[in-house]
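Q: One point on numbering: in the working numbering, the residue at position 63 of the sequence shown is 74, and numbering is uninterrupted.
Cβ atoms here follow ideal geometry from the backbone N, Cα and C, with glycine treated the same way.
There's a structure below that I have some questions on.
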Amino acid sequence: MVIWTWIIILLAVVQLVLIPYSVSETYLHISSVLILTAALGMSYRVYTKQRNGKLEELSNRIAELEKKI
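Structure below.
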């Protein structure tokens, strides 16, 4: 997985934990939730692309083996 996505997720979680103790502004809390949601969405998209790529590669290998038989 892409390392910068994990860095964004970590920073968003740190913000969610530390903001209620320092600032009581709700828009900062909402922005941290949106950042965390976006980072999780990006990581899920990368995961599904990798999984679909592996499935396509396996189906191509199966097709090649069937041709050999």
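Check each candidate in Leu47, Trp17 and Thr16 and name the one with the smallest Cα separation from valine 28.
A: Of the listed residues, the one whose Cα sits closest to valine 28 is Leu47.
Q: CB-CB under 6 angstroms to glutamate 77, same chain, minus the five flanking residues each way: which ones, in chain order?
A: Answer for glutamate 77: no residue qualifies.
Q: Are the region 45-60 and the region 13-29 touching, with three or more C-beta to C-beta distances below 8 angstroms?
A: Flag = yes, the region 45-60 and the region 13-29 touch.
Q: If valine 44 and valine 13 are in contact, beta carbons under 8 angstroms, what's the gap, nearest whole angstrom?
A: Actually they do not touch by this definition, with Cβ atoms about 21 angstroms apart.
Q: Tell me the rounded alpha-carbon separation between leucine 66 and alanine 74.
A: Rounded to whole angstroms, leucine 66 to alanine 74 spans 12 angstroms at the Cα level.
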